[in-house]
Structures are given as structure tokens and as C-alpha cells.
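In this note's numbering, the protein residues as written are 833 to 977.
Beta carbons are placed, not taken as given, at the ideal position from N, Cα and C, and that holds for glycine.
Since the model is a prediction, treat every value here as computed from it, not as a measurement.
Notes for the one structure printed next.
Given below as C-alpha cells:
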């Protein structure tokens, strides 16, 4: 017999806490749900090593505070997907900057007919990712794999 006293509280398995979408900040939603899908889509679409991250700050050109996905190519071409209302259902814009220059193009992104209405983050992330890839291909920024 062991002389170790028994604890009143039995050991409980540690459960991984899953954040419900409503509990996540919008920044966390972009970082956890959107960023990996966009990264994978970019890797499938080009051999270039594109740096991609979520950030909060002021949207280029218009200087409006928002949460955004930012991408930078090795030659310094950059793009932003800006969520102006900090929601997936609100206004979004796509901003482009050529290598060595300031951002010069701002256009609506998935507004109107392309509005995201699904409550599932992976589905809306796939929509954002697919449209971003299409836009970058139209700009001829992605080499075809």
C-alpha cells in the first residue's frame, strides 16, 4: 500500500479549448481561419515565397483603420485585403502596390454579388482566398504552376 495521500480532486483530462467564432476577435478569426487557407492557396498557385500575415492598422491610401490580410512578394510587390468594418460581411477592398512604389490601386473586393454570407469561417475563408488568387492572376503577379 502506498503512503501517498489521495487527493480529493481526481485528475481530469485537459480539454483543448475551442473558441467559438463569436468568442474570437476578428483579428484571431483572420489569423486562425483565413491565413492558413490563403497561404496554402498561394503555395498551390505559384513557386514564389510570398510572405502573408494578418495585421491591424490603417488601410493604405485611404488611411482608414481596419483589419487586413497583407501579402508581400520577394520583389516587394504587395497586396492588402482590407476588412473595413472588421467583419467578413462588411465592406472589403483590395489594394495593390508594385515593387518599389507606394500603393496605387484600391478596388472593391467581394462586395455586392460576392458578399460572404456563410457563418462557417472555413467556407468564407475559401471564398476570400479564391477571389484573391483570381485577382493576383489577373494582375499577372502569379506564375502558373
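| Asked | Found |
| --- | --- |
| Determine, using beta carbons only, whether residue 931 and residue 909 come nearer to each other than 8 angstroms. | yes |
| Please state whether the Cβ-Cβ distance between residue 903 and residue 915 is less than 8 angstroms. | no |
| Looking at residue 864 and residue 875, is the spacing between their C-beta atoms short of 8 angstroms? | no |
| Give me the Cα-Cα distance between residue 922 and residue 970, rounded to the nearest whole angstrom. | 24 angstroms |
| As a quick exercise: from 975, 919 and 958, pick the residue whose alpha carbon is nearest that of residue 873. | 958 |
| What does a CB cutoff of less than 6 angstroms around residue 929 pick up in its chain, not counting 5 residues either side in sequence? | 910 and 935 |
| Quick check on the burial criterion: 16 or more other C-beta atoms within 10 angstroms. Buried or exposed for residue 892? | buried |
| When the Cα of residue 889 is compared with those of 869, 918, 906 and 882, which residue comes out closest? | 918 |
| What would DSSP say about residue 958, mapped onto helix, strand or coil? | helix |
| Between 887, 940, 901 and 943, which has its C-alpha nearest residue 961's C-alpha? | 901 |
| Would you kindly work out how many angstroms separate the C-alpha atoms of residue 940 and residue 899, rounded to a whole number? | 15 angstroms |
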